[in-house]
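Same order as they appear, the protein sequences are chains A and B. Mapping of the first sequence onto numbering that gives the first Met the number 0: residues 0 to 360, in sequence order. Mapping of the second sequence onto numbering that gives the first Met the number 0: residues 0 to 360, in sequence order. Heads up: the structure comes next, in structure tokens.
Number of protein chains: 2
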Amino acid sequence: MSTNLKQLAKLLGLSTTTVSRALAGYPDVSEVTRRRVRAEAKAHGYQPNPVARRLQKGRTEAIGIILPPGQNYFSDTFFTELLGGISETMAIKEHDLVLTVASDMENESQAMRRMVEGKRVDGVILVQSRLDDPRIRYLQEQQFPFVVYGRTESETPYAFIDVNGTRAFREATDFLIELGHRRIALINGPSVFYFPKCCAAGYRQALQAAQIEWDDSLVCSTQGTSPDNGGYLHTLELMRLPDPPTGLLCFTEAAPGVFRALSQLNLQAGQDVSVIGYDDLELARYSAPPLTTLRPPVREIGRRLIEILISLIGGGLPENFQEIREAHLTFRQSTGVGPRQRSFNLPASPSSSKPDSTMSP
Amino acid sequence: MSTNLKQLAKLLGLSTTTVSRALAGYPDVSEVTRRRVRAEAKAHGYQPNPVARRLQKGRTEAIGIILPPGQNYFSDTFFTELLGGISETMAIKEHDLVLTVASDMENESQAMRRMVEGKRVDGVILVQSRLDDPRIRYLQEQQFPFVVYGRTESETPYAFIDVNGTRAFREATDFLIELGHRRIALINGPSVFYFPKCCAAGYRQALQAAQIEWDDSLVCSTQGTSPDNGGYLHTLELMRLPDPPTGLLCFTEAAPGVFRALSQLNLQAGQDVSVIGYDDLELARYSAPPLTTLRPPVREIGRRLIEILISLIGGGLPENFQEIREAHLTFRQSTGVGPRQRSFNLPASPSSSKPDSTMSP
DNA sequence: CTTGGACCCCAAAACGTTTTGGACACCCGC
DNA sequence: GCGGGTGTCCAAAACGTTTTGGGGTCCAAG
């Protein structure tokens, strides 16, 4: 159907070599023929056949991503934001994203081998890194380019981007403390992941700095159930403690369950209890009350993942691509003054004029 | 690195032709050499280079999917379920899924052209069909194989799978009527899509059959806001009517907002109001109370989409692949007897022994 | 002894690019 | 007039498969 390089060359009375090099912008073709070739190519809507170029170049110009089982850790918009950033950059770099959703772990490693050993992609993106991650070991053995969203425990260096969870949760905890809260609970994510460890560390740092003593009964994890349900159950439990928390830090996706539990207990978020969530982009804005939340720059991380991966494919060294990004605290109405300062009648948030205000931690 | 067809042939003392045909299972290679070839291939972990085979076969062995802007209509699990079914089948068929997330409509058609005219895939899957869909017109003009999840208004036939929304919402409405409800509201989806029309039709049919007269004030749409927020706002509105509904049918993703509104009004779902949702797979199970919901066979639809598309690529005619699937009503605790029959003390659901019971509409 | 048909195998072409390794013409300086 | 550089162009090889179109060999039937 559509034009060939050979056809185009014949039409122009040139060799395929010259046409190819003209389009690629090599300097060994004269300005005038280059223009002539470009014009003709555009007129016929010529695009080089990607499959042929891939064969010749020895690169698939594609990168793979496998969405792991246990998908409910992804909030809808987080997921689309990340993939949005990824595919945006892939289009610019003229690459394709090939995606698989794994139904279980068996399936996941199978899909990985298919991509890697089947030579279907030049590199892969890993998400949801586990503390001890067999995928990373596998890819390192295979010497296959990969980049991870998140950190893990590995002796040999590898490329990653991660959010500074320690700092984020430290800032969030600090913020609650400034508002006058002393009893602050943490509903954390499952401990098979690295990120919750950071969150806990940040939380601990803030408490120490404020000389608030650690209370085991205020820290829990959504492990074993869905984040939503975990948030629900743990909130009920926490609020029935003899000395219940007045501040609540929630991991990804837990906030809706927390809100449900609070309203069931006839408690008002932002009034009786201050709640800070993580990452529930769309949800957070429309919840009642709108959720104060930590927002990682997901879309930008998606973009950067591709840039890094393409550098690695080009021969870059993993140790040069280990990056940390900051999450930003977005103030909304689910946080308010704590019991100690309530009598002083402080404003609920640093800048209460705008409905959404952001602070860089 | 890994073995070649040529290398393998040399190792075996055979021609590449014979090795290739032996592996492909052609009958013109003897049983004994076929076995010998297969054994050697397995020993060396040989896999034919997909790029080379694609070039030769003239097929990319890949199919494309573009996730449209306005992604919040996808609930998390719906999305992963569909892609799960898709990628499962793609693995079997030895094809690759190349995916793009479009940020806006401009971007969407651009991504489409890239895939189609750039010859990066053999066919595409369309989701979220609009009533008047430019993507479908484009693909028909280009004579490019495609299959749609959902219907649209088009003169020329095309391949699709859709859920029988009419029947589903008719059954759901019938169920509420049987429980004794007469005032039943419908919080429908945006009217730019085809599916909400079906839902409304089914709802109307059930009312007519029960001789309940149509009330405009009981029907609304989440158009213009998020489904969640739409559900929230409309429920508040509906419940403040002089004669408020006792039954509530919700479109995709609206149920959480509905629950929020109800709890704010101190109304109990399943007690004061009966709520039936559509499609909130994971959410529905863990909501309080668990949501009675219509569930389309999403995963199976994903599988079937690929089968259809591959048939089309092989030369099948679109008019032979127009399929309708039924959604199933799953009974949970958000539905109960209506005001008319409450005095008779009926059971809340047909079979109340099991927590989840399913009925085929 | 020849013909015809199984049966098994292979060399060469093809898919559509990019890259390699010149070839040719022209001009400049010596 | 000759060596060397520069500016344009191209034929052929290469990427790794699959397909095409036979080419042998062997055996049975004529």
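Every residue gets a Cβ at the ideal spot worked out from N, C-alpha and C, and that includes glycine.
Worksheet item: Got a sec, what are the start and stop residues for the alpha helix (DSSP H) E322 (chain A) sits in?
Response: Taking the first residue of the first sequence as 1, we reach residue 322 (chain A) at position 323. Not the alpha helix (DSSP H): E322 (chain A) falls in the beta strand (DSSP E), residues 321-324.
Worksheet item: Which runs of the alpha helix (DSSP H), 4 residues or longer, sit entirely within the stretch 84-137 of chain B?
Response: 104-116
Worksheet item: Just the Cα atoms here: how many angstroms apart are A199 (chain A) and G335 (chain B)?
Response: Taking the first sequence and counting its residues from 1, the one referred to as residue 199 (chain A) is at position 200. Taking the second sequence and counting its residues from 1, the one referred to as residue 335 (chain B) is at position 336. The straight-line gap from Cα to Cα measures roughly 43 Å.
Practice prompt. Please list, in chain order, all residues of the same chain as N228 (chain A) whose beta carbon is under 7 Å from its beta carbon, the five residues on each side excluded.
Written response: The residue labelled residue 228 (chain A) in the question sits at position 229 within the first sequence. Correct list, in chain order: G256.
Item to complete: Alpha carbon to alpha carbon, how far is V274 (chain B) from I211 (chain B)? Give it in angstroms, no decimals.
Response: Numbered from its first residue, the second sequence carries residue 211 (chain B) at position 212. Numbered from its first residue, the second sequence carries residue 274 (chain B) at position 275. Their backbone Cα atoms lie some 19 Å apart in a straight line.
Fill in: Contact belief for E39 (chain A) with L10 (chain A) at Cβ below 8 Å, rounded distance in angstroms
Position 40 of the first sequence, counting from 1, holds the residue named residue 39 (chain A). Position 11 of the first sequence, counting from 1, holds the residue named residue 10 (chain A). Correct: roughly 6 Å between the Cβ atoms.
Practice prompt. Check distances from the C-beta atoms of the stretch 16-46 of chain B to those of chain A and list, in chain order, the residues that come in under 9 Å.
Written response: G44, Q46
Worksheet item: How is L316 (chain A) classed by DSSP in three states: helix, strand or coil?
Response: Here residue 316 (chain A) refers to the residue found at position 317 of the first sequence. If DSSP states are grouped into helix, strand and coil, L316 (chain A) belongs with coil.
Worksheet item: Out of B:G223, B:H327, B:L308, B:F143, which has the shortest C-alpha to C-alpha gap to N319 (chain B)?
Response: The residue you call residue 319 (chain B) lines up with position 320 of the second sequence. Looking at the Cα atoms, B:L308 is the closest of the given residues.
Worksheet item: Should R136 (chain B) go down as buried or exposed, given a rule of 16 or more other Cβ atoms within 10 Å for buried?
Response: As a working note, residue 136 (chain B) is residue 137 in the second sequence. Looking at its Cβ environment, which holds fewer than 16 other Cβ atoms inside 10 Å, R136 (chain B) is exposed.
Practice prompt. Have a look at A287 (chain B) and R303 (chain B) and give me their C-alpha separation to the nearest angstrom.
Written response: Counting from one through the second sequence, the residue named residue 287 (chain B) turns up at place 288. Counting from one through the second sequence, the residue named residue 303 (chain B) turns up at place 304. Using only the alpha carbons, I get a separation of about 34 Å.
Fill in: Exposed unless 16 or more other CB atoms sit within 10 angstroms - verdict on N265 (chain A)
Locating residue 265 (chain A) in the first sequence gives position 266, counting from the first residue. Exposed: under 16 other Cβ atoms inside 10 Å.
Item to complete: Taking only beta-carbon positions, decide if F194 (chain A) is within less than 9 Å of chain B.
Response: The sequence position of residue 194 (chain A) within the first sequence is 195, counting from 1. With 9 Å as the cut-off, F194 (chain A) does not count as an interface residue toward chain B.
Worksheet item: What does K92 (chain B) reach in chain A if we use C-beta pairs closer than 8 Å?
Response: On the second sequence, residue 92 (chain B) is found 93 positions in, with the first residue counted as 1. The premise fails here: K92 (chain B) is roughly 12 Å from chain A at the closest Cβ pair, so nothing lies under 8 Å.
Worksheet entry | Endpoints, beta strand (DSSP E) assigned at L185 (chain A) | Residue numbering aside, residue 185 (chain A) sits at position 186 when the first sequence is read from its first letter. First-last of the beta strand (DSSP E) with L185 (chain A): 183-187.
Fill in: Cβ-based neighbour list, A8 (chain B), same chain, cut-off 8 Å, excluding 5 preceding and 5 following
Taking the second sequence and counting its residues from 1, one reaches residue 8 (chain B) at position 9. These residues qualify, in order along the chain: S14, T15, T17, V18.
Discussion item. In the DSSP output, which residue or residues are listed as bridge partners for T291 (chain A)?
Written reply: Numbered from 1 along the first sequence, position 292 holds the residue referred to as residue 291 (chain A). The partner list for T291 (chain A) (beta bridge, DSSP) reads A:I275.
Fill in: CB contact below 9 Å: E140 (chain A) versus chain B
Within the first sequence, the letter at position 141 stands for residue 140 (chain A). So, not an interface residue.
Discussion item. Whole angstroms are fine: how far does the CA of L206 (chain A) sit from the CA of W213 (chain A)?
Written reply: Residue 213 (chain A) sits at position 214 when you count from the first residue of the first sequence. Residue 206 (chain A) sits at position 207 when you count from the first residue of the first sequence. The straight-line gap from Cα to Cα measures roughly 7 Å.
Worksheet item: Helix or strand or just coil, what does DSSP make of F78 (chain A)?
Response: For the purposes of this step, residue 78 (chain A) is identified with residue 79 of the first sequence, where counting begins at 1. Three-state result, F78 (chain A): helix.
Discussion item. Any beta carbon from chain B within less than 9 Å of R113 (chain A)'s own beta carbon?
Written reply: As a working mapping, residue 113 (chain A) is identified with position 114 in the first sequence. Taking Cβ atoms only, chain B reaches closer than 9 Å to R113 (chain A), which makes this a yes.
Worksheet item: Using 8 Å as the Cβ pair cut-off and three pairs as the minimum, do the stretch 87-106 of chain A and the stretch 55-63 of chain A touch?
Response: yes
Item to complete: Determine the DSSP secondary structure at V191 (chain B), reduced to helix, strand or coil.
Response: One-based indexing of the second sequence puts residue 191 (chain B) at position 192. Looking at V191 (chain B) - three-state DSSP - the assignment turns out to be coil, as it is neither helix nor strand.
Practice prompt. Decide if F73 (chain A) is buried, meaning its Cβ has at least 16 other Cβ atoms within 10 Å, or exposed.
Written response: Looking up residue 73 (chain A) in the first sequence gives position 74. Its pLDDT being 48, under 50, F73 (chain A) is placed unreliably in this model, and the value from its coordinates should be taken loosely. It is buried - the Cβ of F73 (chain A) has at least 16 other Cβ atoms within 10 Å.
Worksheet item: Shorter than 9 Å from the beta carbon of S86 (chain A) to some beta carbon of chain B?
Response: For the purposes of this step, residue 86 (chain A) is taken as the residue at position 87 of the first sequence. For S86 (chain A), the answer is yes, since a Cβ of chain B falls inside 9 Å of its Cβ.
Discussion item. To the nearest angstrom, how far is the alpha carbon of Q270 (chain A) from that of P243 (chain A)?
Written reply: Position 271 of the first sequence, counting from 1, holds the residue named residue 270 (chain A). Position 244 of the first sequence, counting from 1, holds the residue named residue 243 (chain A). Their Cα atoms are separated by approximately 14 Å.
Worksheet item: When DSSP labels each residue in this structure, what does S333 (chain B) get in the three-state scheme?
Response: One-based indexing of the second sequence puts residue 333 (chain B) at position 334. It is coil, neither helix nor strand.
Discussion item. Closer than 7 Å between beta carbons: that is the criterion. Which residues of the stretch 285-319 of chain B meet it against chain A?
Written reply: Y285, A287
Item to complete: Take the Cβ of Y25 (chain A) as the centre, count every other Cβ of all protein chains shown within 10 Å, and call the residue buried at 16 or more, exposed below.
Response: Locating residue 25 (chain A) in the first sequence gives position 26, counting from the first residue. By the 10 Å Cβ count, Y25 (chain A) comes out exposed.
Worksheet item: Is there at least one Cβ from chain A nearer than 9 Å to S102 (chain B)'s Cβ?
Response: Numbered from 1 along the second sequence, position 103 holds the residue referred to as residue 102 (chain B). By this cut-off, S102 (chain B) is an interface position.
Discussion item. Classify A158 (chain A): buried if its beta carbon has 16 or more other beta carbons within 10 angstroms, exposed otherwise.
Written reply: Here the question's residue 158 (chain A) lines up with position 159 in the first sequence. Counting Cβ neighbours within 10 Å, A158 (chain A) comes out buried, since at least 16 surround it.
Worksheet item: With a CB to CB cut of under 6 Å and the five nearest residues on each side skipped, what residues in its chain are close to G223 (chain A)?
Response: Here the question's residue 223 (chain A) lines up with position 224 in the first sequence. Excluding positions up to five away in sequence, the list is empty.
Worksheet item: What residues are listed by DSSP as bridge partners for A268 (chain B)?
Response: What you label residue 268 (chain B) is simply residue 269 of the second sequence in a count that begins at 1. B:V272, per the DSSP bridge assignment.
Worksheet entry | 7 Å CB neighbourhood of Y45 (chain B) in its chain, flanking five on each side removed | Residue numbering aside, residue 45 (chain B) sits at position 46 when the second sequence is read from its first letter. Closer than 7 Å at the Cβ level, and outside the excluded window around Y45 (chain B), lie T2, L7.
Worksheet entry | CB contact check: N163 (chain A) to chain B, cutoff 9 Å | The residue labelled residue 163 (chain A) in the question sits at position 164 within the first sequence. Chain B, which has no Cβ nearer than 9 Å to the Cβ of N163 (chain A), makes this no.
Practice prompt. May I have the straight-line CA-CA distance separating H327 (chain A) from E306 (chain B), to the nearest angstrom?
Written response: On the first sequence, residue 327 (chain A) is found 328 positions in, with the first residue counted as 1. On the second sequence, residue 306 (chain B) is found 307 positions in, with the first residue counted as 1. Near 44 Å, if we compare the C-alpha coordinates of E306 (chain B) and H327 (chain A).
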